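Okay, so here's the structure we're looking at.
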Ligand code: C5P
Ligand code: C5P
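Right, dumping it as structure tokens:
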């Protein structure tokens, strides 16, 4: 089992997909609303468009929206699920076993698919779906197997993988596994350039202090989100912010200046009693889309991903989808505004979170009960950022909750140390959500759930107990 088997699984399925297209079946593409989901939705849409298929698309927040829509589809419509589905095979089988599904997903599968469905998931071949390939990578490999011209979509697969932080577990923020193979294809085709540098946000176009303040991965307490503190920090290091009347940007700094900032951040963190080693997460691979204009967030694949994420999480999925499919001009300007506003709101949420109100240390987990103070659409990004900070202990996973109507949205994150100790958050969230009448699932390192509001306390107790059991065995 491994990469070879996974590629064979893809190749074996493409004839069937081609048959559906040639037969004139129509498709509905469901895609998840985060960066990897939007990238997957865009890749499948371009693939179907180029193949001359009839299709519509639908962005979804959770499996419930798919469950509600399927009964209304015409009988010849094929439901193509990207970045969602594998974790809910038993519900889909129970309700819609006679429908035709194509599921392209990297979440941990829950049971098996019906024999007549197409289910492409790396976990089926012992390939790590949390780190080696994302849903957009899977969708890209399928699209390329349908037609070689879809190699043009390889940079979007890289954007999706970075959006899901698949580079995060590696030493130097580098995509590995099948993602690396896709990166190499994109580089060979002249669509992507890879280099080593410090990963400051907007490194090629934002004034240095703004780039520093906008960087949240890793999260630097006091500086991330604060323009004024970023300015005084850089001033204290005697880094010139301007060249004549023009703001300088990170890519113009000398190696010496970059070293001064890097060491300065280590000292700053030590002075606050945080671990200076967190600064290491700033060093990594830069993935640049060669065909994109300079001065836009689309040039750097990580920023492209955060733009898509902002669109998806604010109800502007179609804008994100259009951008990932290639739309620019006015639509890009709109997306940039959405991104700035999203980053501003996220920074407010992080300010609130680091005050540690509503943090609860249970026996085996850290629970943050955001209630209605945190917009449920921010919980996923906020918990990912917090988990890449030094604010949490390494030996307890984070579970963040936010209320939305009569439901609670939960996002859970774990450290690599806990994964090595046998923790699998996807299973934890699934089990705990099942026990309180909700839905949950995901990856070992990052997972989520939606549960009834009335069961919030019980859910946390279940999560705590299941984590305890898992770490004991
Ligand atoms: O639905 P999906 O698989 O696309 O989302 C994965 C989520 O897991 C993203 O929100 C990403 O930020 C998070 N993640 C994380 N830390 C990792 C890997 C993924 O927070 N090391
Ligand atoms: O929403 P959040 O980013 O916290 O989700 C983390 C991971 O868990 C994502 O991959 C998401 O798709 C997955 N998830 C899931 N089922 C849910 C909620 C989240 O599979 N009900």
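Residue numbers (the numbering used here): 10 to 482.
Glycine included, every Cβ here is placed at the ideal spot set by N, Cα and C.
The structure presented is a predicted model; accordingly, all values stated were derived computationally and were not measured.
- Taking 8 Å as the upper bound for CB-CB distance, residue 149 and residue 191 are in contact here, some 6 Å apart.
- Out of 458, 178, 95 and 472, the CA that lies nearest to the CA of residue 397 is found in 178.
- Contact annotation: residue 449 and residue 438 have beta-carbon atoms nearer than 7 Å.
- In the three-state reduction of the DSSP assignment, residue 93 falls in the coil class, being assigned neither a helical nor a strand state.
- In the three-state scheme derived from DSSP, where H, G and I count as helix and E and B as strand, residue 294 is classed as strand.
- 7 Å or more divides the Cβ of residue 284 from the Cβ of residue 404.
- With a minimum length of 3 residues, the unbroken runs of beta strand (DSSP E) contained wholly in the region 403-433 fall at 407-413 and 416-422.
- In this chain, residue 304 is not harboured by any alpha helix (DSSP H), its DSSP state being neither H nor E.
- Less than 7 Å divides the Cβ of residue 374 from the Cβ of residue 473.
- With a contact defined as Cβ atoms closer than 8 Å, residue 389 and residue 457 qualify at about 7 Å.
- No heavy atom of ligand 2 is found nearer than 6 Å to the CB of residue 99.
- Within 6 Å of the C-beta of residue 386 there is not a single heavy atom belonging to ligand 1.
- In the three-state reduction of the DSSP assignment, residue 34 falls in the coil class.
- In terms of side-chain proximity, the C-beta atom of residue 448 is found nearer than 6 Å to a non-hydrogen atom of ligand 2.
- DSSP places residue 375 in the uninterrupted beta strand (DSSP E) bounded by 375-378.
- Exposure of residue 81 is indicated by the presence of fewer than 16 other C-beta atoms within 10 angstroms of its C-beta.
- Judged by DSSP secondary structure, residue 457 falls within the beta strand (DSSP E) whose first and last residues are 455-461.
- Residue 460 places its beta carbon less than 7 Å from that of residue 442.
- In this structure, residue 170 keeps its C-beta atom at 7 Å or more from the C-beta atom of residue 198.
- For residue 69, the enclosing beta strand (DSSP E) covers residues 63-69.
- Listed in chain order, the alpha helix (DSSP H) runs fully inside the region 196-279 are 217-223 and 236-245, counting runs of at least 4 residues.
- For residue 52, the CB contacts under 7 Å within the same chain, skipping 5 residues up- and downstream, are 145, 148, 149, 152, 162, 165 and 166 in chain order.
- In the three-state reduction of the DSSP assignment, residue 382 falls in the coil class, being assigned neither a helical nor a strand state.
- With at least 16 other beta carbons inside 10 angstroms of its own, residue 175 counts as buried.
- Inclusion of residue 455 in the 6 Å shell around ligand 1 follows from its C-beta lying nearer than that to a non-hydrogen atom of the ligand.
- The nearest non-hydrogen atom of ligand 2 is 6 Å or more from the C-beta of residue 376.
- Between residue 131 and residue 106, the beta carbon gap of about 24 Å keeps them out of contact (Cβ cut-off 8 Å).
- Cβ-Cβ separation between residue 207 and residue 267: approximately 6 Å, consistent with a contact (criterion under 8 Å).
- In its chain, beyond the 5 residues on either side, 242, 245 and 246 have a beta carbon closer than 8 Å to the beta carbon of residue 273.
- Counting of Cβ neighbours within 10 angstroms places residue 279 among the exposed residues, the total staying below 16.
- Not one heavy atom of ligand 1 sits closer than 6 Å to the Cβ of residue 462.
- Inclusion of residue 458 in the 6 Å shell around ligand 2 follows from its C-beta lying nearer than that to a non-hydrogen atom of the ligand.
- Straight across, the Cα-Cα distance linking residue 24 with residue 61 is about 16 Å.
- Residue 240 and residue 434 have their alpha carbons spaced roughly 39 Å apart.
- When DSSP states are grouped into helix, strand and coil, residue 466 belongs to the helix group.
- Contact check between the region 327-345 and the region 364-371: fewer than three CB pairs, one atom from each, fall below 8 Å, which does not count as touching.
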